[in-house]
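Undergrad:
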Amino acid sequence: MELKQAQRKQAKIKLGIQGCSGSGKTMGALLLAYGLCGNWNKIAVIDTENYSASLYAHLGAFSVVNIAAPFSPEKYRDAIKLCEDAGMEVIILDSISHEWEGAGGILDIHGNMAGNSFTNWSKLTPRHNGFVQAILQSPVHVIGTIRSKQEYVLSERNGKQMPEKVGLKGVTREGMDYEFTLVFDVDIKHHAIASKDRTGLFADKPAFIISVDTGLQILNWCNQGEVTESPVPDFTQRINDCKSIEELGALYFNNAAFQQSHKQFFSKRRIELKQAAPAVTPNLSPLNFAENGNNPK
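Per this note's numbering, the very first residue in the sequence shown carries number 2; after that it's consecutive.
1) Between E50 and the rest of its own chain, which residues show a CB-CB distance below 7 Å, the 5 nearest in sequence each way excluded?
2) What does the alpha-carbon distance come out to for the pair E24 and S98?
3) From the DSSP output, in three-state form, read off Q238 for me.
4) My output table needs one value for S64: the three-state DSSP class, helix, strand or coil.
5) By Cβ distance below 6 Å, which residues in the same chain neighbour G168 in space, the five residues on each side in sequence not counted?
6) Which one of Q8, K26, L16 has the shortest CA to CA distance from I189?
7) With DSSP as the reference, please indicate the residues paired to A193 in a beta bridge.
8) In this structure, does DSSP put S118 in helix, strand or coil?
9) Buried or exposed for G116, going by 16 or more other Cβ atoms inside 10 Å?
10) Between which two residues does the beta strand (DSSP E) carrying G17 extend?
11) Using a 10 Å radius around the Cβ and a threshold of 16 neighbouring Cβ atoms, would you call S122 buried or exposed?
12) I'd like to confirm the pairing. Which residues does DSSP put opposite V46 in its beta bridges?
13) Can you tell me whether Y35 is buried or exposed, with buried defined as 16 or more other CB within 10 angstroms of its CB?
14) In the DSSP output, which residue or residues are listed as bridge partners for D198?
15) Quickly, what does DSSP pair G171 with across the bridge? List them, please.
16) I'd like to know whether the C-beta atoms of G29 and I44 end up nearer to each other than 8 Å.
17) Of the residues L32, A12, K15, M2, which one's Cα is nearest the Cα of G216?
18) Out of curiosity, what's the CA-to-CA distance linking G250 and V46?
19) Where do the N-terminal and C-terminal ends of the alpha helix (DSSP H) with Y57 fall, by residue?
20) According to DSSP, is K10 helix, strand or coil?
21) For the alpha helix (DSSP H) containing H99, list its first residue and its last residue.
22) How would you call S262, buried or exposed, if buried means at least 16 neighbouring beta carbons within 10 angstroms?
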């Protein structure tokens, strides 16, 4: 135990974008993500919205992981790890609401469990918390979109009373917004305000439309402070966690910065995988980790 002066470290943003259907959550998340990393190839969308992210493919060559029901916490965690292992720098969860209220999500699982309701929650809460920790402990930027419950209110437009869709409470577990560093509430006109802001960048500011510049502002905030220690042991573990030569190759070619420093670990794991599956290995593309290149031959 040690007492020392508080110093802010460089960070990866964990951000929520909350709004009703049609408010522009996905588009806003993609533009913000590009501002954070400046490379569409380093952005991944975990899409639970029936391939809706692909509607924005014209923006750039981002990657998509489409997941369908059941929307269990473990499925989200597996998708997050898949994106991390592929070298993504920004992960968009579109949306996290399905983990709570979707088919096969927490509420659905609880409703189908026999026995005491309170006891059942004691079994499900750790599963949900595991999903939350996968977001918070991720070494990359994470943006989660959250559906809002919605209703219609009458507003005056050109002297007439017109129905207008408004978002209410987010569809996720109570208090989920506390887990994020920054939460944007977006209305049907795509205007965003910060309902929670630990960065101090957007608190008490007028409504705005989320853009690439929003991501740049957040990136600048993230890069302030001391550099965190390099997680080299974690990358070695990622090498050892690879279950196939194809998976190992993807990790190698997507992480050029580690190719030389971890060449012996890549080679060692490749030999182990070949010995474990000698009948399958010859059918796979050969990978030569002794080569200092970014593309397989």
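Here a beta-carbon is modelled for each residue, glycine too, at the ideal position from N, C-alpha and C. Small disclaimer: the values here were computed from a predicted structure and weren't measured.
TA: On the basis of the coordinates in this document:
1) As a first step, residue 50 is located in the sequence shown; it is residue number 49 there, counting from the start. Correct list, in chain order: D95, S96.
2) Taking the first residue of the sequence shown as position 1, residue 24 is located at position 23. Taking the first residue of the sequence shown as position 1, residue 98 is located at position 97. The question names Glu, yet the displayed sequence has Ser at residue 24. In a straight line, the C-alpha of S24 is about 15 Å away from that of S98.
3) On the sequence shown, position 237 is the one that residue 238 refers to. DSSP places Q238 in helix when its eight states are reduced to three.
4) Sequence index remark: in the sequence shown, residue 64 carries index 63 (1-based). Strand.
5) The residue given as residue 168 occupies position 167 in the sequence shown. Note that G168 has pLDDT 49, beneath the 50 cutoff, so the model's placement of it is unreliable and no number is given.
6) Numbered from 1 along the sequence shown, position 188 holds the residue referred to as residue 189. Considering only alpha carbons, the answer is K26.
7) Translated into the one-based positions of the sequence shown, residue 193 becomes position 192. V187, F209.
8) Looking up residue 118 in the sequence shown gives position 117. In this structure, S118 counts as helix in the three-state DSSP scheme.
9) Here residue 116 refers to the residue found at position 115 of the sequence shown. By the neighbour-count rule (16 or more Cβ atoms within 10 Å), G116 is not buried but exposed.
10) Here residue 17 refers to the residue found at position 16 of the sequence shown. Where G17 is concerned, the enclosing beta strand (DSSP E) stretches over 15-20.
11) Working through the sequence shown from its first residue, we reach residue 122 at position 121. The amino acid at residue 122 is misidentified as Ser; the sequence shows Trp. Under this definition W122 is an exposed residue.
12) The residue labelled residue 46 in the question sits at position 45 within the sequence shown. In the DSSP output, where bridge partners are listed per residue, V46 has V65, I93.
13) Here residue 35 refers to the residue found at position 34 when the sequence shown is read from its first residue. The residue is buried, with at least 16 neighbouring Cβ atoms inside 10 Å.
14) As a working note, residue 198 is residue 197 in the sequence shown. Looking at the DSSP assignment, D198 forms a beta bridge with L183.
15) Your numbering for residue 171 matches position 170 in the sequence shown. Answer by DSSP bridge pairing, in chain order: S149.
16) In the sequence shown, counting from the first residue as 1, residue 29 sits at position 28. In the sequence shown, counting from the first residue as 1, residue 44 sits at position 43. Their beta carbons are not under 8 Å apart, which means G29 does not touch I44 by this criterion.
17) The residue you call residue 216 lines up with position 215 of the sequence shown. Out of L32, A12, K15, M2, L32 has the C-alpha closest to the C-alpha of G216.
18) Here residue 250 refers to the residue found at position 249 of the sequence shown. Here residue 46 refers to the residue found at position 45 of the sequence shown. Cα to Cα, G250 sits roughly 22 Å from V46.
19) Numbered from its first residue, the sequence shown carries residue 57 at position 56. From DSSP, Y57 is part of no alpha helix (DSSP H); its letter is neither H nor E.
20) Locating residue 10 in the sequence shown gives position 9, where the first residue counts as 1. Here K10 sits in strand by DSSP.
21) Counted from its first residue, the sequence shown places residue 99 at position 98. First-last of the alpha helix (DSSP H) with H99: 98-102.
22) Locating residue 262 in the sequence shown gives position 261, where the first residue counts as 1. Per the 10 Å Cβ criterion, exposed.
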